[in-house]
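Just so we're aligned, residue 4 is where the sequence shown starts under the numbering used here, counting upward by one.
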Amino acid sequence: MSGDAPSRRDFLTYSGAAIAGITLGEAGRRWLARADERAAGWRDRGVETWATSVCRECPSGCGLRVRLVDDVPVTIEGNPLCPIARGRLCAKGMATIESYFDPDRLVGPAHRIARGGPPRWEPVPWKDAIALAADRLKRAAGTTDGIVAIAAAERGPEAEAWTRFWRAAGARVAWTPLATADRLRPSLRRLTGADADPIFHVEHATYVLSFGAPLAEDWLSGVWTQRSFGRLRRGSGSSRGRLVHIDGRRSPTARKADEWLAVPPDRQTALAYGIASVLFRENRIDRDRLAPMAGNLATFEHQLVTYYTPDNVAIETGVPVVAILRLARELVATPRPLVIVDASAADGLADAVFSLNALVGAIDRAGGLFGKADDQAPEREDATVVLRAIADGHLRPSVLVFGDSSALRVLGGPNHPEMLAERVPFVISCSPYVDEAAAIADVILPVDLPLESWQAMVPAAALGVDVVPVSKPVIARRLDTRDKGALLHSLGVAVGGAAEQACDWQSSEELVRKELKRLAGLRRGTPYVTMYETEWMQQLESGGWWASAADSDAAFAERVLAAGGWVDPFFDASYLGEALRAGRGLEFPLPEVLAPAQSAARVSGAASPVGAATSADSAFPIALIAFQPSVIAIIGNPNQPSLFELLGQPDSVPWSIWVELGSEEAKRWGISDRSRVRLISAHDSVEAVAVHVDGLPSGMAALSIVPGAQTAGRWSRLIGKDARRLWGTESPVRACAVRITRV
Ligand code: SF4
């Protein structure tokens, strides 16, 4: 380091004891500012440049344009050529730049000084950090549960390299399930037999019945969906698409809907099948169309009509019989109905939603449901299940590796990450932030930030066509972090054997250049171009024509890198129909039996599905459901002040978690709007801001979850305790019984 580099004493002064010496700190920021000043001294000041990059704050892969002044990023905006977002970004995309300037970023590799007690690390040179990690990996290879390697469920060359490397190293690889379309693929396969990601054609629907799908927030592919939602509401001609939203809370989507029905997530399956049952009872389905392609139509009908009577469903869900009848009738009275579902919905609910789409004739129809063929999509082990097995002591790996921290942030992940450190002798984190994974790591191998990286990924399916966002570094690496591809290569060399042989790359740049070569060889698609040119290319390809974008592979690669990605706008809109004709046809998954006695008996409990209004335990009379605000970082940096400022929108509860309560009930308890309350469960208690919501049923409340707040830096620590602790070790996917008191 130069003489201006921050001293260890500076770090200790500014960074706090727990992360002393390994984060940038205030002194580090001053040092970087001085370095910028010096760098600007030998060139013209105020030189402005623009570069394209890719947002990696979620798997959608929206394109970025970065404005740099003297090579320092000062503004981020959307890339208008990106076919996913067309120049727009969500709040998380806009906040990307904050990660670059985060004073609590890791400055380089570090290792934990001692286990037990408050976490303390010290900086360590890269070669020592790699040697330490490699030594533990080699020793773990022969043990019973060996190595477990975790990463976010992304696709593309980087994700494939990660899988190849860790499988070769003998690891069990698991992936964080993210709320993307591929998560719904098993349900679509159960119904149609086709291996495809569902594509919901929201913008051309005339009526959308949403089971918890956060259309106006962050559904499947955030910005793309919001654009589709805007077009649905604008409508074509005089018809404005109608939205009926079913949700356990009055979310931003519920507020924007024409109608909101408050039904907890675990009751929504019954409502979906109740609506389907009415369609059969009132003879509102096209049996002539469905019977030849659906072998078990009669059995399905019998099951629904017998058990999902409107009366049973009304008891189960709290939705009046007249409303169930009306929803079914509305669904078939409109030209292009579509039923959509939250990607993290339980399998039963997703099955019910796809079945409804089949019943109303929405498959392969404009404004309906399409399939994007994907035979190659890997089956991926669920990281939340694996981590829970480790936390419970059922799985005992010797080394646990985190590619990122998303598995510790999603609702289904372990509520107490520190238990993993107690169970696993050695934990490796590759995060560039002091986040939940780094907080339990024995060695931290921080990778470059996305703006500093070569990137090529396959985003979550949303728009049906093939897209590969691609970028090279927009800014030079500023801290002692490492390129992810190069990190795997270094580990491979140190571990040796199959792991080394698996690394047929030396850096992420090599992975990206291979991908560019592959794309050039496909002889279809184009580097990102304007909307007009994209549509022109679509017409050409539909007619069997294709125009090459460049004379050579090298020129093609440069065009793709400059534009920010590659797209093939051709889309086969008849894929599902073809698959049904060629395969086994429709097979409706049969719902569970639903009996009124069973419905009436269901009451709340910490580990069981919760009744809408009553609780068996008077000490904890409220059924609390958890949700994650769309502005919290699941992937990436959780320490972003502008996102904390947006918490609670549109009610605005900045810098705090909040609990939504029915207005009438809150008044009865003497809890005023925006007052602080304490939520108490059998396991723990947390403070939150109370927000009154009209229409929320009695006995229910909804709590925002902002995970990882205690570890990720100075701003995130202000949010307070991770509220998942109310659930003990149970998953917050289910409701929890609590009581609420004034503070
Ligand atoms: S939707 Fe995802 S990829 Fe797009 S801007 Fe938002 S966080 Fe970034």
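No residue lacks a Cβ here, since even glycine has one placed at the ideal position from N, Cα and C.
Minimum C-alpha distance to residue i - residue among the options
i	options	result
Asp654	Thr228, Lys517, Arg258	Arg258
Ala208	Glu518, Leu135, Val342, Leu514	Val342
Ala297	Pro381, Glu590, Ala134, Val308	Glu590
Gly580	Phe405, Cys739, Gly371	Gly371
Val570	Ala557, Trp539, Ser555	Trp539
Ser190	Ala361, Arg287, Val226	Ala361
Ala550	Thr529, Ala216, Gln271, Ala560	Thr529
Ser684	Ile674, Gly673, Leu706	Leu706
Arg681	Trp169, Ser408, Glu663	Glu663
Gly225	Arg521, Ala552, Gly64	Gly64
Thr195	Leu92, Pro126, Ser358	Ser358
Val437	Ala134, Ala136, Ser719, Pro62	Ser719
Cys93	Pro476, Thr146, Ser213, Leu649	Leu649
Phe232	Ala465, Leu454, Asp395	Ala465
Ser659	Glu667, Ile722, Trp169, Val266	Ile722
Asp445	Pro86, Tyr310, Ala459, Val430	Val430
Ala523	Ala497, Gly568, Gly244	Gly568
Ser434	Ala144, Ala155, Asp377	Ala155
Asp250	Ile674, Ala693, Ala629	Ala629
Ala152	Ser408, Pro255, Ala199, Pro313	Ser408
Phe573	Ser545, Phe559, Ala565	Ser545
Arg170	Trp661, Leu491, Arg516, Gly698	Leu491
Asp483	Leu452, Thr533, Ala459	Leu452
Val281	Ala184, Ala260, Leu390, Val325	Val325
Check: residue i C-beta below 7 Å from any heavy atom of the ligand SF4
i	result
Lys95	yes
Ser63	yes
Cys85	no
Glu3	The displayed coordinates of the chain run from 4 to 746. Any statement about residue 3 would go beyond what the structure contains.
Val335	no
Val226	yes
Leu646	no
Ala88	yes
Leu92	yes
Range covered by the beta strand (DSSP E) that runs through residue i
i	result
Thr744	739-745
Val656	No beta strand (DSSP E) holds Val656; DSSP gives it neither H nor E.
Ala174	174-179
Asp469	469-474
Val736	Segment: none, Val736 is in no beta strand (DSSP E) and carries neither H nor E.
Asp74	Where Asp74 is concerned, there is no enclosing beta strand (DSSP E), given that its DSSP letter is neither H nor E.
His114	113-115
Gly416	Here Gly416 belongs to no beta strand (DSSP E), and DSSP marks it neither H nor E.
Thr55	51-57
Leu627	625-630
Ser409	From DSSP, Ser409 is part of no beta strand (DSSP E); its letter is neither H nor E.
Ala424	Note, Ala424: premise wrong, no beta strand (DSSP E); alpha helix (DSSP H) at 421-426.
Ala155	150-155
Pro449	Neither: Pro449 is in no beta strand (DSSP E) and is coded neither H nor E.
Alpha helix (DSSP H) segment containing residue i, residue limits
i	result
Ala440	439-442
Met540	534-545
Gly374	Taken as a continuous stretch (DSSP letters only), Gly374 belongs to no alpha helix (DSSP H), being part of the beta strand (DSSP E) at 372-376.
Pro160	160-171
Ile133	129-143
Thr99	99-104
Ile638	That residue, Ile638, is in no alpha helix (DSSP H); it is neither H nor E in DSSP.
Val477	Neither: Val477 is in no alpha helix (DSSP H) and is coded neither H nor E.
Any chain B beta carbon closer than 8 Å to residue i
i	result
Tyr578	The chain labelled as chain B is not found in the depicted structure, where only one protein chain is given.
Any non-hydrogen atom of the ligand NAD closer than 7 Å to residue i Cβ
i	result
Asp138	With respect to the ligand NAD, the structure offers nothing, as its ligand set consists of the ligand SF4.
Hey, which unbroken runs of the alpha helix (DSSP H) at 4 residues or more fall wholly within the stretch 215-278?
Runs found: 225-237, 255-259.
What residue ranges within the stretch 328-407 form continuous alpha helix (DSSP H) runs of no fewer than 4 residues, ordered along the chain?
As summarised for the stretch 328-407, the continuous alpha helix (DSSP H) elements at least 4 residues long and confined to that stretch are 350-362, 386-394, given in chain order.
Residue ranges of each alpha helix (DSSP H) run of no fewer than 4 residues wholly in the stretch 659-725, ordered along the chain?
Fully enclosed alpha helix (DSSP H) runs of 4 or longer: 666-671.
Please list the segments of the alpha helix (DSSP H) lying wholly inside the stretch 290-322, counting only runs of 4 or more residues, in order along the chain.
As for any alpha helix (DSSP H) of minimum length 4 sitting wholly inside the stretch 290-322, the runs are 290-293, 300-310, 313-320, ordered along the chain.
Give, in chain order, every unbroken run of the alpha helix (DSSP H) that is at least 4 residues long and sits entirely within the stretch 507-537.
Whole alpha helix (DSSP H) segments, 4+ residues: 511-525.
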